[in-house]
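Under the numbering used here, residues -7 to 419 are what the sequence shown spells out, in order. Glycine is no exception: its CB is placed at the ideal position from the N, C-alpha and C atoms. Report on the following structure.
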Amino acid sequence: MSKIVVGMIGLGTVGQGVVRLISGCKNLVLKKVAVANLTKAREGQLPGSCQLTDDVSSLLNDPEIEILIEVMGGEKPALDYLLQAIEKRKHIITANKEVLAKHGPTLFEKARSKGVDIFFEAAVAGGLPLISTIHKGLEANEISSVVGIMNGTTNYILSQMTEKGIGFDVALADAQKQGFAEADPTADVDGHDVSYKLSILSALAYGRFAQPTSIYKESIRTLHFDDIKIAAELGYAIKLIGITKSKDGELDVLVAPMLVPKNHVLAAVSLSNNGILVNGSAVGEIVMVGPGAGQMPTASAIVGDTINLANAMQLPDFASYFQPEIETEWATVKEATTWRSPYYLRLIVNDTPGVIGHIGTIFGAHNISIRSLIQKDTKKDEASIVIVTHEVKKADMDQALSKLQKSDFLKELGAALHIFTPESNHA
Ligand SMILES: NC(=O)c1ccc[n+]([C@@H]2O[C@H](COP(=O)([O-])OP(=O)(O)OC[C@H]3O[C@@H](n4cnc5c(N)ncnc54)[C@H](OP(=O)(O)O)[C@@H]3O)[C@@H](O)[C@H]2O)c1
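Encoded structure:
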């Protein structure tokens, strides 16, 4: 078997893991690694003949390099580097969910036109072989949904809040100290990271990327420990859930913290693990649980892709076999206002007679049926009311909450969270 020459952009957390694993692969030669700052102190050693450079063009213009591993991250200049590499007919292996989600149609179209492959197992669910499972293992199936916990950082934060009884800020600071969260946690806690993954999963499962801006996102920043505690009493765990479902050529794609019944498999996915459910027409529902990020799990996905690609490169005309059929148009994503689910609400109200009746009247006018209502604490002249509803359309709940917020008896809307039910769907 002839040796395949590889170049890599990025030698950070993931890149260093890739170097460790790839050094043991006999038929792969890592020739050049590009970084931003050559003077930075680095742990570990590059293989003897490998050059470290800050000149990315020296990789892109090296005709010996047939595979480019991109583990630098971010939208730009990664996009330009990937497009240049594809133009030079280099195959791509990337962990970069942001660039794929935002520019997937352009990148895959260009790769198709140049007869090269883009491998991206590491871009979603880190060490879990989710991409290859959907792409190849479930090829005989029509996929109807991919649902689950797709961000290890937020799952770690929520697990710590639950187990230690701490608030969001303390749990975030702890996650940052432990290396599970970035200094700027926005992409994770506000749902952007999951939206990128949902975009990619939509492309793989249904043939079109979902534009990340079209994906409805709710943050976990405003989650209160009281709600985690009350949810537990009611038999739920709170998890950040990503959903992409296909129905009649349109997609439901959203990410939000949701109450998950404790007897559901996702409720038990703890710490920085991911848990993903895929529904296929023939196989039914399959579940994958495990490390969704981290140096070696992510490197495992990257180097696994590299080995598969290098093996395939020994065969003629292999490229189209590996390239998923992805259309150049963006998917049609339904408005989140049509999403239907039961709700958990916590309202801080004036402790005066008639309040419950007012709430019932507002809910009745918006087709909201209450499943249970509990008065939790009463302090001085205010009361905390926890309501669980039957399934309701988001637009109806939004309107009812807006009316409640204008009423003179509501002091604070403590929480309004979706309750996850496997059958949650649009109207
Ligand atoms: N970390 C994870 O657990 C994980 C999991 C799944 C996917 N990913 C994805 O993997 C990718 C890399 O993540 P990471 O955590 O390894 O990032 P990281 O630790 O920040 O490393 C980024 C690397 O890219 C280099 N770099 C940045 N800009 C560059 C430029 N313009 N030219 C050349 N090199 C440049 C940096 O160089 P310097 O070293 O000189 O700064 C650094 O070596 C991202 O797309 C991320 O989303 C990460």
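Is Leu3 near ligand 1, with its Cβ less than 7 angstroms from a heavy atom? Answer for Leu3: yes, Cβ within range of ligand 1.
Would you list the residues sitting across from Lys371 in a DSSP beta bridge? According to DSSP, Lys371 bridges with Glu374.
Would you call Ala419 buried or exposed, if buried means 16 or more other Cβ atoms sit within 10 Å of its Cβ? In this prediction, Ala419 has a pLDDT of 40, which is less than 50 and means its spatial position is unreliable; nothing more can be read from the coordinates.
Tell me whether Arg363 sits in a helix, a strand or coil according to DSSP, three-state version. Of the three classes helix, strand and coil, the one that applies to Arg363 here is strand, per DSSP.
Output yes if chain D places a C-beta closer than 8 angstroms to the C-beta of Thr146; else output no. Absence of chain D from the displayed structure is noted, only one protein chain being present.
Taking DSSP as the reference, what is the three-state secondary structure of Lys398? Of the three classes helix, strand and coil, the one that applies to Lys398 here is helix, per DSSP.
What does the alpha-carbon distance come out to for the pair Ala165 and Asp180? Ala165 and Asp180: Cα-Cα distance of roughly 14 angstroms.
For ligand 1, any of its heavy atoms closer than 7 angstroms to the Cβ of Ala87? Yes.
Under the three-state DSSP convention, the category Met305 falls into: Three-state DSSP puts Met305 in coil, outside helix and strand.
Looking at ligand 1, does it come within less than 7 angstroms of Thr290, judged from the CB to the closest heavy atom? Yes - ligand 1 has a heavy atom lying nearer than 7 angstroms to the Cβ of Thr290.
With DSSP as the reference, label Leu51 as helix, strand or coil. DSSP places Leu51 in helix when its eight states are reduced to three.
Residue burial classification, Met(-7) (beta-carbon count within 10 angstroms, cutoff 16): Its Cβ having fewer than 16 others within 10 Å, Met(-7) is exposed.
Based on DSSP bridge pairs, tell me the residues matched to Lys237. Beta-bridge pairing links Lys237 to Ser137, Asp244.
What does the alpha-carbon distance come out to for the pair Ile110 and Arg81? Straight-line Cα distance between these residues: approximately 11 angstroms.
When we look at the beta-carbon of Leu396 and count the other beta-carbons within 10 Å, is it buried (16 or more) or exposed? So Leu396 counts as buried.
Should Asn271 be listed as close to ligand 2, given that the test is whether its C-beta is under 7 angstroms from any heavy atom? No copy of ligand 2 appears in this structure; the ligands present are ligand 1.
The beta strand (DSSP E) with His83 in it runs from where to where? For His83, the uninterrupted beta strand (DSSP E) segment begins and ends at 83 to 86.
Buried or exposed: which applies to Lys(-5), given that a residue is buried once 16 or more other Cβ atoms fall within 10 Å of its Cβ? By the Cβ-count criterion, Lys(-5) is exposed, with fewer than 16 other Cβ atoms from all chains shown falling within 10 Å of its own Cβ.
Beta strand (DSSP E) segment containing Glu62, residue limits: If you look at Glu62, you'll find it in the beta strand (DSSP E) that goes 59 to 62.
Using DSSP's beta-bridge definition, name the partner residues of Lys385. Residue pairing for Lys385: DSSP places it in a beta bridge opposite Arg332.
Length of the line joining the Cα atoms of Asn417 and Lys326: Confidence in Asn417 is poor, its pLDDT being 47 and thus under 50, which makes the residue's placement unreliable; the coordinate value appears in the next sentence. Each residue's alpha carbon lies about 11 angstroms from the other.
Buried or exposed: Tyr148, going by 16 or more other Cβ atoms within 10 Å of its Cβ? Counting of Cβ neighbours within 10 angstroms places Tyr148 among the buried residues, the total reaching 16 or more.
Are there 16 or more other CB atoms within 10 angstroms of the CB of Lys386, so buried, or fewer, so exposed? Around the beta carbon of Lys386, a 10 Å sphere encloses 16 or more other beta carbons of the protein chains shown; the residue is thus reported as buried.
Residue range of the beta strand (DSSP E) that Glu225 falls in? Following the DSSP letters along the chain, one finds Glu225 in no beta strand (DSSP E) but inside the alpha helix (DSSP H) bounded by residues 217 to 226.
For the candidate residues Gly140, Gly7, Thr154, whose alpha-carbon lies nearest to that of Ile85? Put simply, of Gly140, Gly7, Thr154 the residue whose alpha carbon is nearest the alpha carbon of Ile85 is Gly7.
Is Lys32 near ligand 1, going by C-beta to nearest heavy atom under 7 angstroms? Lys32 Cβ: within cutoff of ligand 1.
Looking at the structure shown, is Glu404 part of a helix, part of a strand, or coil, going by DSSP? In the three-state reduction of the DSSP assignment, Glu404 falls in the strand class, which pools E and B.
Within 8 angstroms, strictly: CB atoms of Val11 and Gly40: Their beta carbons are not under 8 angstroms apart, which means Val11 does not touch Gly40 by this criterion.
Which residue wins for smallest C-alpha separation from Leu75, given the options Thr98, Ala93, Lys94? Closest option to Leu75, judged by alpha-carbon separation, among Thr98, Ala93, Lys94: Thr98.
Leaving aside the five residues before and after Ala392 along the sequence, list all residues of the same chain whose C-beta is less than 7 angstroms from its C-beta, in chain order. Cβ within range, chain order: Ile354, Phe355, His358, Ile360.
Cutoff 6 angstroms; reference Ser137; Cβ partners in own chain excluding five residues on either side: Excluding residues within five positions, the ones whose Cβ falls inside 6 angstroms are Lys237, Asn271.
According to DSSP, is Pro177 part of a helix, a strand, or is it coil? Three-state DSSP puts Pro177 in coil, outside helix and strand.
Taking buried to mean at least 16 other C-beta atoms within 10 Å of its own C-beta, is Asn265 buried or exposed? In the assembly as shown, Asn265 is a buried residue. Its beta-carbon has 16 or more other beta-carbons within 10 Å.
Cβ atoms of Ile222 and Val378: under 8 angstroms apart, would you say? For the 8 angstroms CB-CB criterion, Val378 and Ile222 form a contact.
Which residues mark the beginning and the end of the beta strand (DSSP E) in which Lys24 is found? Per DSSP, Lys24 belongs to the beta strand (DSSP E) from 20 to 26.
With 16 as the cutoff for other CB atoms within 10 Å, does Glu277 come out buried or exposed? Classified as exposed, Glu277 has fewer than 16 neighbouring CB atoms from the shown chains inside 10 Å of its CB.
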